[in-house]
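Under the working numbering, the sequence shown has 111 at position 108, and the numbering climbs by one with no breaks. Glycine included, C-beta positions come from ideal geometry on N, C-alpha and C.
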Amino acid sequence: MTVVETSKFELTTVAPVYGKNYNKGCIGFTYNNSSVVSRGIAYFTKWARMSDIRVTHVLIVTGENSCIEADAFHNTVKEGTLQHYFDEPHCQIFFRKPQELTDEIAEKIVQVLTPEVGKQYDFNLIYIQALSGSFAGHLYDRLVREKLEDKLSEKLNNPEKWICSELAAYALDEQPKYKDQGILKRPNATISPQELFEDSVIFEPWKMGNLHNFITKIK
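Okay, here's the thing in structure tokens:
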């Protein structure tokens with residue numbers, strides 16, 4: 004990784020090597036520039052973007068070629084493969100390593116997620132984030148001191164359904180090490196992929212050569 008300016012990064016293709024630049028318990032963030040859905044999510048979450056990197060989907064690494072994610076297209080929380088993202092020609096994937104991640108914490112993150120596999124996707128939360136992310140929604144949110152999304156999520160969130168960023172935030176928030184730290188002070192249901200990705204408290208800081216915190220696979 005080469006840092007160009009404080010808020011800008013030069014994207015460099017790095018071969019994914021398990022145990023070196025990603026591992027169990029790391030959080031993966033993706034962006035697909037050919038996807039209408041990805042571009043739509045990027046538009047509605049643009050207010051949270053502080054760097055030049057866009058992300059629109061979140062997954063949790065559970066093994067060398069495995070992850071758990073909330074998948075809107077299949078309306079389910081599922082165990083998926085990472086190879087799908089590595090092979091996708093238009094997909095960028097970035098991994099961020101939680102602070103002081105140990106094998107024990109990584110295992111507990113996976114254990115927390117396992118019972119959620121098979122549950123449905125929470126489309127209501129996506130609609131809420133889209134509403135809050137619109138210009139009118141963002142303006143109103145500022146007027147009510149950023150309470151619009153919190154109030155809507157409280158009313159409409161289904162505790163038995165998930166969106167991708169909510170699932171990852173929940174897995175981290177269940178660990179004493181990360182509970183209520185950084186962006187996790189907010190309700191999990193209100194956290195977007197971009198907001199989680201941008202957090203500087205939960206994850207190890209961006210720095211030169213730290214490939215746990217930066218990896219992109221672009222063809």
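Exercise. Hey, how far is the Cα of Glu103 from the Cα of Gly185?
Worked result: What you label residue 103 is simply residue 100 of the sequence shown in a count that begins at 1. What you label residue 185 is simply residue 182 of the sequence shown in a count that begins at 1. Each residue's Cα considered, the two are about 15 Å apart.
Exercise. Run through DSSP, which three-state label would Gln178 get?
Worked result: Taking the sequence shown and counting its residues from 1, the one referred to as residue 178 is at position 175. The answer is coil: DSSP assigns Gln178 none of H, G, I, E or B.
Exercise. So, is Pro19 buried or exposed, given that buried needs 16 or more other C-beta atoms within 10 angstroms?
Worked result: Locating residue 19 in the sequence shown gives position 16, where the first residue counts as 1. Buried: at least 16 other Cβ atoms inside 10 Å.
Exercise. In terms of residue numbering, what span does the beta strand (DSSP E) encompassing Asp74 cover?
Worked result: For the purposes of this step, residue 74 is identified with residue 71 of the sequence shown, where counting begins at 1. Element bounds for Asp74: Ser69 to Asp74.
Exercise. Under a Cβ-count criterion, where at least 16 other Cβ atoms within 10 Å of its own Cβ denotes burial, should Phe98 be classed as buried or exposed?
Worked result: As a position in the sequence shown, residue 98 is number 95, starting the count at 1. Burial call: buried.
Exercise. With C-beta atoms as the reference, is Ile63 less than 7 Å away from Ile56?
Worked result: As a position in the sequence shown, residue 63 is number 60, starting the count at 1. As a position in the sequence shown, residue 56 is number 53, starting the count at 1. No, these two residues do not count as a Cβ contact at 7 Å.
Exercise. From which residue to which residue does the alpha helix (DSSP H) around Phe89 run?
Worked result: Reading the sequence shown from its first residue, position 86 is the one you call residue 89. Unbroken alpha helix (DSSP H) run through Phe89: Gln86 to Asp90.
Exercise. Where does Val113 sit, in a helix, a strand or coil, going by DSSP?
Worked result: The count along the sequence shown starts at 1 and reaches residue 113 at position 110. Helix.
Problem set entry | Rounded straight-line distance, which links the Cα of Asp106 to that of Asp125 | Walking along the sequence shown from the start, residue 125 turns up at place 122. Walking along the sequence shown from the start, residue 106 turns up at place 103. Their Cα atoms are separated by approximately 30 Å.
Exercise. By how many angstroms is the C-alpha of Lys27 removed from the C-alpha of Gly66?
Worked result: Here residue 66 corresponds to residue number 63 of the sequence shown, with the count starting at 1. Here residue 27 corresponds to residue number 24 of the sequence shown, with the count starting at 1. Distance between the alpha carbons of Gly66 and Lys27: 5 Å.
For this session: Along the beta strand (DSSP E) that carries Phe206, what are the first and last residues, could you check?
Result: Your numbering for residue 206 matches position 203 in the sequence shown. Unbroken run through Phe206: none, as it is neither H nor E.
Exercise. Is Thr59 helix, strand or coil when you go by DSSP?
Worked result: For this step, residue 59 is matched to residue 56 along the sequence shown. Coil, per DSSP.
For this session: Put Ile166 into one of helix, strand or coil per three-state DSSP.
Result: One-based indexing of the sequence shown puts residue 166 at position 163. Ile166 falls in the coil class under three-state DSSP.
Exercise. Just how far apart, CA to CA, sit Ile108 and Asn36?
Worked result: As a first step, residue 108 must be located in the sequence shown, where it is residue number 105. As a first step, residue 36 must be located in the sequence shown, where it is residue number 33. Straight-line spacing of the CA atoms in Ile108 and Asn36 works out to 33 Å.
For this session: Measuring alpha carbon to alpha carbon, tell me which of Lys122, Phe200 and Ile96 ends up nearest Tyr25.
Result: On the sequence shown, residue 25 is found 22 positions in, with the first residue counted as 1. If we check each option's Cα against that of Tyr25, Ile96 comes out closest.
For this session: Could you check how far apart the C-beta atoms of Lys122 and Trp165 are, in whole angstroms? I think they sit under 8 Å.
Result: Against the sequence shown, residue 122 aligns to sequence position 119. Against the sequence shown, residue 165 aligns to sequence position 162. The pair is a contact, with the Cβ atoms about 6 Å apart (cut-off 8 Å).
Problem set entry | Range of the contiguous beta strand (DSSP E) that encloses Lys81 | Along the sequence shown, read from residue 1 onward, the residue named residue 81 stands at position 78. Note, Lys81: beta strand (DSSP E), Thr79 to Gly83.
Exercise. Measuring CB to CB, does Phe200 end up less than 7 Å from Phe32?
Worked result: Taking the first residue of the sequence shown as 1, we reach residue 200 at position 197. Taking the first residue of the sequence shown as 1, we reach residue 32 at position 29. Yes.
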